[in-house]
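From first to last, the protein sequence lines stand for chains Y and P. Quick note on the working numbering: the first sequence kicks off at 1 and runs consecutively. Quick note on the working numbering: the second sequence kicks off at 1001 and runs consecutively. Heads up, the beta-carbon is just placed ideally off N, CA and C, and yes, glycines get one too. Notes for the one structure printed next.
2 protein chains.
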Amino acid sequence: MTRGRPIAFSPDEAATAAMQVFWARGYDAASTRDLLAAMHISRSSLYQAFGSKEQLFLEALRRYREALIGRLGRRLETVPTAMTFLEALFRETADEAGSERAALGCLIFNSATELGQRGDLPSHHARQSLAAITELFHLAVVQAQREGDIAQERDAEALATYLTMGMAGLRTLLKSGADIDQARQAVGLLLDTLRR
Amino acid sequence: MTRGRPIAFSPDEAATAAMQVFWARGYDAASTRDLLAAMHISRSSLYQAFGSKEQLFLEALRRYREALIGRLGRRLETVPTAMTFLEALFRETADEAGSERAALGCLIFNSATELGQRGDLPSHHARQSLAAITELFHLAVVQAQREGDIAQERDAEALATYLTMGMAGLRTLLKSGADIDQARQAVGLLLDTLRR
DNA sequence: CGATATATGGAACGATCGGTCCATATAGAG
DNA sequence: CTCTATATGGACCGATCGTTCCATATATCG
């Protein structure tokens, strides 16, 4: 079937490595040389397989988003109640305070803040990814309403936006070195709003 | 007294112009050429007067912080109650949704997210500036407690951190194109927490 | 008037950027 | 085996980065 020399690396692993570089350094600050080193491929292979730095980023962001939303979506189905899902998610994030993981943040929030105002494809995809997070929060809120943990008459869309805002703010706090007590207290107040 | 050729520009105006460039483009993305064009001075004058791009940024951030904190602090003293101050601040920010002003964001939150994880001077000053915002919120919360709008037994520090988190999240929402209704609803929920 | 000290404009520097190009390697097809 | 098609390594490109340097302009001091 296929002719010519076969690929000598796993595009999957390479894309994952690229994702980690974009995650740690940001879109602009991640140089193609950084990416090549992490992906363990040559410059030719990068451009052959992914086209450009921009397209590679879109692929990396897509993978991150699908992995995150997929993982959280599955967890939402597994967990006893949607309310415990939301509580655990925010509390676990708060507990990252001070760690290297906290300094990394979330690729989606990182990208939304870095690229939010540009009009290019990366900016558009970052916004869409943020919207996907809000959608997931919306699912969780609606489920919590069904389960009786959030009053039916409350606006699920507004609560979902509020949770996205809270997570974005929490990520900012963690990135600027908030300690674990500060993060936990702020998250506690955030979650109080859900029950009212 | 002084010898030699006198300066031909206002360092004050030049620093203000630089601040606006850093505000709009971010620290890394603001090139010295961008800065020179906005400041209307020559490359030599920039390095003569400010030393380096890094020092110029520190000066710009300092001016922004002092102007912001000063303005808000004065407003807090002028306004009828601290609670109305907080409400007006968040509601007015939400109402920026969709505007160019919203796309700009706040230099302090922008810098905290861009530089939060680096160990250099700009990073350190960005964190300090974020802490200054939390301090202002703390002042407002304590005053609101004195004025009877927030219960005395509530943790003023935790509420201050919560407000900083909320403003950071709101800025992120605005940067990623949230519309005015979303922003207003999220802010409404945020402010509900103050009264509980 | 020099003499001196600072400011300015702009050329130039080495480093790094994303991307291209080409010679070479390596597979399958006939 | 030859032919063909794709992959790879790495030199190279022009653009841009922050910064330095130097000749020149412009002020004050004696």
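**Prompt:** Assuming Leu-197 (chain Y) contacts Gly-166 (chain Y) under a Cβ cut-off of 8 Å, what Cβ separation, rounded to an integer in Å, is found between them?
**Reply:** Examination of residue 197 (chain Y) is not possible in this model, given that chain Y is present from 1 through 196 alone.
**Prompt:** What is the DSSP secondary structure of Pro-141 (chain Y), reduced to helix, strand or coil?
**Reply:** Just to set this straight, residue 141 (chain Y) is Val in the shown sequence, not Pro. It is helical.
**Own chain, CB closer than 6 Å to Met-39 (chain Y), minus 5 neighbours either side, in chain order** = Excluding sequence positions up to five before and after Met-39 (chain Y), its CB lies within less than 6 Å of the CB of Ala-14, Ala-17, Ala-18, all in the same chain and listed in chain order.
**Cβ neighbour criterion (16 or more within 10 Å) applied to Glu-77 (chain Y)** = Exposed, because fewer than 16 other Cβ atoms sit within 10 Å of the Cβ of Glu-77 (chain Y).
**Prompt:** Name the chain P residues whose beta carbon is nearer than 8 Å to that of Lys-175 (chain Y)?
**Reply:** Those within 8 Å of Lys-175 (chain Y) in chain P are Ala-1112, Thr-1113, Gly-1116, Gln-1117.
**Asked** At a Cβ threshold of 7 Å, is Thr-1078 (chain P) touching chain Y?
**Response** Residue-level contact check: Thr-1078 (chain P) does not touch chain Y, since none of the beta carbons of chain Y fall below 7 Å from its beta carbon.
**Asked** Between Thr-32 (chain Y) and chain P, is there a C-beta pair that is closer than 7 Å?
**Response** False, the Cβ-Cβ gap to chain P never drops below 7 Å.
**Request:** Output yes if chain P places a C-beta closer than 7 Å to the C-beta of Gly-98 (chain Y); else output no.
**Result:** With 7 Å as the cut-off, Gly-98 (chain Y) does not count as an interface residue toward chain P.
**Request:** Would you mind reading off the limits of the alpha helix (DSSP H) that contains Ser-44 (chain Y)?
**Result:** For Ser-44 (chain Y), the enclosing alpha helix (DSSP H) has its first and last residue at 43–50.
**Request:** Could you tell me whether the Cβ of Gly-1148 (chain P) comes closer than 7 Å to any Cβ of chain Y?
**Result:** At a cut-off of 7 Å between beta-carbon atoms, Gly-1148 (chain P) makes no contact with chain Y.
**Completely contained alpha helix (DSSP H) runs for the stretch 1120–1175 of chain P, where each covers 4 or more residues** = Runs of the alpha helix (DSSP H) inside the stretch 1120–1175 of chain P: 1121–1146, 1156–1175.
**Item:** Rounded separation between Ala-1156 (chain P) and Leu-1163 (chain P) - CA only
**Value:** If you take the alpha carbons of Ala-1156 (chain P) and Leu-1163 (chain P), they lie about 10 Å apart.
**Prompt:** What distance in whole Å lies between the Cβ atoms of Ala-112 (chain Y) and Leu-219 (chain Y), which are believed to be in contact at a cut-off of 8 Å?
**Reply:** Nothing about residue 219 (chain Y) can be read from this structure; chain Y reaches only from 1 to 196.
**Asked** At a CB-CB cut-off below 9 Å, which residues of chain P make contact with Phe-50 (chain Y)?
**Response** Result: empty, since nearest Cβ-Cβ is about 23 Å, beyond 9 Å.
**Asked** From Met-83 (chain Y) to Ala-160 (chain Y), what distance separates their C-alpha atoms?
**Response** Approximately 13 Å between the Cα atoms of the pair.
**Request:** Drop a sphere of 10 angstroms on the beta-carbon of Pro-122 (chain Y), count the other beta-carbons inside from all chains shown, and report buried for 16 or more, exposed for fewer.
**Result:** When all chains shown are included, Pro-122 (chain Y) counts as buried.
**Message:** I believe Ala-178 (chain Y) touches Ala-97 (chain Y) by the beta-carbon criterion, under 8 Å. Please report the beta-carbon distance rounded to the nearest angstrom.
**Reply:** Sure, about 6 Å apart at Cβ, within 8 Å.
**Request:** Tell me where the alpha helix (DSSP H) around Asp-1012 (chain P) begins and ends.
**Result:** Per DSSP, Asp-1012 (chain P) belongs to the alpha helix (DSSP H) from 1011–1025.
**Proximity to Pro-215 (chain Y) [Cα-Cα], best of Y:Gln-48, Y:Ala-126, Y:Asp-34, Y:Leu-139** = The question about residue 215 (chain Y) has no answer, for chain Y in this structure spans 1 to 196.
**Prompt:** What is the rounded straight-line gap between the Cα of Glu-147 (chain Y) and the Cα of Lys-1175 (chain P)?
**Reply:** Distance from the CA of Glu-147 (chain Y) to the CA of Lys-1175 (chain P), rounded to the nearest whole angstrom, comes to 34 Å.
**Message:** Within the continuous alpha helix (DSSP H) that includes Gln-1182 (chain P), where are the two ends?
**Reply:** Element bounds for Gln-1182 (chain P): 1180–1195.
**Asked** Are there 16 or more other CB atoms within 10 angstroms of the CB of Glu-114 (chain Y), so buried, or fewer, so exposed?
**Response** Counting Cβ neighbours within 10 Å, Glu-114 (chain Y) comes out buried, since at least 16 surround it.
**Prompt:** Relative to the alpha-carbon of Arg-1065 (chain P), which residue among P:Thr-1134, P:Thr-1032, P:Gly-1004, P:Asp-1028 has its alpha-carbon at the smallest distance?
**Reply:** Comparing Cα positions, the closest option is P:Thr-1134.
**Asked** So, Arg-1196 (chain P) versus Gly-1105 (chain P), is the Cβ gap smaller than 7 Å?
**Response** No.
**Asked** Between Gln-1185 (chain P) and Ala-158 (chain Y), is the Cβ-Cβ spacing less than 7 Å?
**Response** Yes.
**Request:** Using a Cβ-Cβ cut-off of 7 Å, state whether Tyr-1047 (chain P) counts as contacting chain Y.
**Result:** No - not a single Cβ of chain Y is within 7 Å of the one on Tyr-1047 (chain P).
**Request:** Please confirm whether Leu-136 (chain Y) and Leu-72 (chain Y) have their CB atoms less than 7 Å apart.
**Result:** Contact: yes.
**Message:** So, under 8 Å CB-CB, Ser-94 (chain Y) and Ala-168 (chain Y) are touching, yes? Tell me the CB distance rounded to an integer number of Å.
**Reply:** The sequence given here has Ala at residue 94 (chain Y), not Ser. The distance from the Cβ of Ala-94 (chain Y) to that of Ala-168 (chain Y) is about 14 Å, inconsistent with a contact at the 8 Å cut-off.
**Message:** My parser needs the beta strand (DSSP E) runs of 3 or more residues fully inside the stretch 63–109 of chain Y; what are they?
**Reply:** For the stretch 63–109 of chain Y, there is no continuous beta strand (DSSP E) assignment of 3+ residues that stays within its boundaries.
**Request:** Under the assumption that Leu-46 (chain Y) contacts Leu-58 (chain Y) (Cβ atoms under 8 Å), give the Cβ distance between them as a whole number of angstroms.
**Result:** So it is not a contact: roughly 14 Å between Cβ atoms.
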